[in-house]
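Participant:
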Amino acid sequence: MQVKWTHSPSGREVYILRGDRSKLPGSEYQNRTALVMDSIALGNLALRIQDIRPSDEGQYVCEFQSNAYSNRTFLELSVGGLGSTPQIHIVGLEPGGIRVRCVSVGWYPAPQLLWRNSQEEILTPDEILETRSEGGLFNISSSIVLQENNHPALSCAVTAVTHKKMSSVLISGLFPSFLLESYILPALLTLLILIIIASGSFNWKLRKEAGRCSSFFSSF
Numbered sequence: 014m015q016v017k018w019t020h021s022p023s024g025r026e027v028y029i030l031r032g033d034r035s036k037l038p039g040s041e042y043q044n045r046t047a048l049v050m051d052s053i054a055l056g057n058l059a060l061r062i063q064d065i066r067p068s069d070e071g072q073y074v075c076e077f078q079s080n081a082y083s084n085r086t087f088l089e090l091s092v093g094g095l096g097s098t099p100q101i102h103i104v105g106l107e108p109g110g111i112r113v114r115c116v117s118v119g120w121y122p123a124p125q126l127l128w129r130n131s132q133e134e135i136l137t138p139d140e141i142l143e144t145r146s147e148g149g150l151f152n153i154s155s156s157i158v159l160q161e162n163n164h165p166a167l168s169c170a171v172t173a174v175t176h177k178k179m180s181s182v183l184i185s186g187l188f189p190s191f192l193l194e195s196y197i198l199p200a201l202l203t204l205l206i207l208i209i210i211a212s213g214s215f216n217w218k219l220r221k222e223a224g225r226c227s228s229f230f231s232s233f
């Protein structure tokens with residue numbers, strides 16, 4: 014008896030069983046594949062693939078051959094990777110408002126990213142960047158400039174096939190806190206430092222003048 018599994022798009026031999034000896038031809042499948050023979054009496058020989066990768070996607074061919082019987086069947090494997098929850102963070106203040114960025118990683122196939130306001134209206138981003146990791150997974154990021162008079166909420170949704178993840182942020186509370194932390198507090202801190210320096214300089218001048226007066230009166 015011989016059972017042979019092949020990955021059609023690449024032509025790679027995935028698993029071969031001859032008699033009672035199995036063979037794993039490609040290093041890509043080492044320690045990731047196994048032949049499930051629980052129902053061999055019923056004519057079922059399943060191939061189990063663990064640690065699925067994007068490169069595993071595609072059509073597989075199973076060929077069975079014995080002295081009395083031979084057959085071939087085909088199986089289509091679709092791979093999907095659910096990425097991370099989108100992370101929304103502030104990039105900085107611009108003339109038109111505050112730039113906000115959304116980032117999500119680890120998707121397959123390539124995902125889509127959509128910005129929406131509180132009324133579910135799609136917003137046009139300034140940029141959408143897509144990169145791919147060595148493992149074949151996709152990372153996506155996008156940025157948009159918000160104005161204080163925009164709708165009170167903003168959401169970033171990333172979807173791939175039937176998978177979806179979304180994050181939201183309240184714009185109404187975003188502007189005061191960002192302006193306070195990024196501009197007002199540093200300005201107040203700078204002003205306080207200048208006051209301390211000026212006060213120290215003034216006190217030093219007073220002590221210097223007092224020293225002169227003391228020296229003047231002691232001479233009489």
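Using this note's numbering, read the sequence shown as starting at 14 and increasing by one per residue. Glycine residues also receive a C-beta, built at the ideal position from the N, C-alpha and C atoms. Fair warning: this is a prediction, and the values are worked out from it, not measured in the lab.
(1) What first and last residue would you give for the beta strand (DSSP E) that runs through S181?
(2) With a threshold of 6 Å on Cβ separation, who are the neighbours of V182 within its own chain once the five nearest residues in sequence on each side are excluded?
(3) On a Cα-Cα basis, can you pick out the residue from W120, E147, E70 and H164 that is closest to L136?
(4) Taking all protein chains shown into account, do 16 or more other C-beta atoms lie within 10 angstroms of the C-beta of A123, making it buried, or fewer, making it exposed?
(5) What is the residue span of the beta strand (DSSP E) that E89 lies within?
(6) Expressed to the nearest angstrom, what Euclidean distance is found between the alpha-carbon atoms of L48 and L150?
(7) Nearest to E76 by alpha carbon, out of T19, L127 and Y121?
(8) Measuring CB to CB, does L248 end up less than 8 Å from D69?
(9) With respect to the beta strand (DSSP E) encompassing T172, which residues constitute its N-terminal and C-terminal limits?
(10) Going by the beta-carbon positions, is the gap between W120 and I141 smaller than 8 Å?
(11) With a threshold of 7 Å on Cβ separation, who are the neighbours of S146 within its own chain once the five nearest residues in sequence on each side are excluded?
(12) Taking a contact to mean a Cβ-Cβ separation below 8 Å, would you say G93 touches V158 in this structure?
(13) Given this structure, state the Cα-to-Cα distance separating P22 from L126, to the nearest angstrom.
(14) Who does S155 pair with in a DSSP beta bridge?
(15) What is the DSSP secondary structure of G32, counted as helix, strand or coil?
(16) Just to confirm before moving on: does the CB-CB distance between T46 and I62 stay below 8 Å?
(17) Here's the rule: buried if 16 or more other CB atoms are within 10 angstroms of the residue's CB, otherwise exposed. What is Y82?
(18) Give the DSSP bridge partners of N57, in chain order.
Facilitator: Concretely, from the data shown:
(1) H176 to L183
(2) I101 and L167
(3) H164
(4) exposed
(5) S83 to L90
(6) 27 Å
(7) Nearest in C-alpha terms to E76, of all of T19, L127 and Y121, is T19.
(8) Residue 248 is absent from the model: the chain starts at 14 and stops at 233.
(9) A166 to A173
(10) no
(11) N152
(12) The answer is no: Cβ separation not under 8 Å.
(13) 29 Å
(14) C115 and I141
(15) coil
(16) yes
(17) exposed
(18) Answer is none; N57 lacks a bridge partner.
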